[in-house]
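Enquirer: First the structure, then my questions, so here it is.
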Amino acid sequence: MNLNKMTRIAMIAAIYTALCFVPVLSNLAYGQIQVRIAEALTMLPLIYQPSIWGVTLGCFLANLIGLMTGINPTGMIDLFVGTSATLLAAICTYKLRDKYVHGIPIWAILMPVVFNFFFVGFELALLFMPDQLFLGTLINGTYVAIGEFIAVVLGYFLVKEIKKTNLFGE
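In the numbering used here, the protein residues as written are 2 to 171.
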């Protein structure tokens, strides 16, 4: 890996992390009902494979800072569960980037929604509904998936514009 790629990965991670702590957006980034605008960046693997590591690192840092500042109600578990959801979703988004339905890589776009539904939904169920994990996962996962869907749709349009600029030189 060269310095150019490492710098881009670090920049993606920094942007992801910063978006989670912009005052207006930070209230939406954590909790049962969330729209983490930074998750729009999970669409970058559609056009730039190393971004998988940037969004994963950004998610880890955002969850860590959220834990340390008390903003993230899920605590330490989110460092592993939430970050794993982002990593797996980013990998699958990249792998499915060429599978189109009516000209849209719909399966790739849905990966962050699906992974966060299950991973973060279960994580929130453990926290808020420990006696009813299945129902809690369905309820919390649905809340998270709705917010995630909003973020990835924004991200898809963002990526379409970035692709026109040849920002990543690929």
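Cβ atoms here follow ideal geometry from the backbone N, Cα and C, with glycine treated the same way.
Computed from a predicted model, the values in this text were never measured in an experiment.
Among residues of its own chain, excluding the 5 on either side of residue 92, which ones have a beta-carbon nearer than 8 Å to its beta-carbon?
Expert: Here residue 92 is taken as the residue at index 91 of the sequence shown, counted from 1. 46 and 53.
Enquirer: Give me the Cβ distance between residue 66 and residue 22, rounded to the nearest whole Å; I'm assuming they're in contact under 8 Å.
Expert: If you number the sequence shown from 1, residue 66 lands on position 65. If you number the sequence shown from 1, residue 22 lands on position 21. The pair is a contact, with the Cβ atoms about 7 Å apart (cut-off 8 Å).
Enquirer: Going by the CB atoms, is the gap between residue 97 and residue 112 shorter than 8 Å?
Expert: As a position in the sequence shown, residue 112 is number 111, starting the count at 1. As a position in the sequence shown, residue 97 is number 96, starting the count at 1. Going by C-beta atoms, residue 112 is nearer than 8 Å to residue 97.
Enquirer: Counting only the same chain and skipping the five closest in sequence on each side, list residues whose C-beta sits under 6 Å from that of residue 150.
Expert: In the sequence shown, the residue the question calls residue 150 occupies position 149. Around residue 150: 114.
Enquirer: Is any beta-carbon of chain B found at less than 8 Å from that of residue 47?
Expert: The question asks about chain B, but that chain is absent: this structure has only one protein chain.
Enquirer: Tell me which residue opens and which closes the alpha helix (DSSP H) that residue 41 is part of.
Expert: Taking the first residue of the sequence shown as 1, we reach residue 41 at position 40. Careful: residue 41 lies outside any alpha helix (DSSP H) and carries neither H nor E.
Enquirer: For residue 123, which residues from the same chain have a beta carbon less than 6 Å from its beta carbon, with the 5 sequence-adjacent residues on both sides left out?
Expert: Position 122 of the sequence shown, counted from the start, is the residue given in the question as residue 123. So the list reads 138, once near-sequence residues are dropped.
Enquirer: Spell out the partners DSSP gives residue 105 in its beta bridges.
Expert: Translated into the one-based positions of the sequence shown, residue 105 becomes position 104. Answer by DSSP bridge pairing, in chain order: 102.
Enquirer: Reducing DSSP to helix, strand and coil, say where residue 64 ends up.
Expert: Along the sequence shown, read from residue 1 onward, the residue named residue 64 stands at position 63. The answer is helix: DSSP assigns residue 64 an H, G or I state.
Enquirer: Smallest Cα separation from residue 87: which of 42, 71, 168 and 9?
Expert: Locating residue 87 in the sequence shown gives position 86, counting from the first residue. For the residues 42, 71, 168 and 9, the minimum Cα distance to residue 87 belongs to 42.
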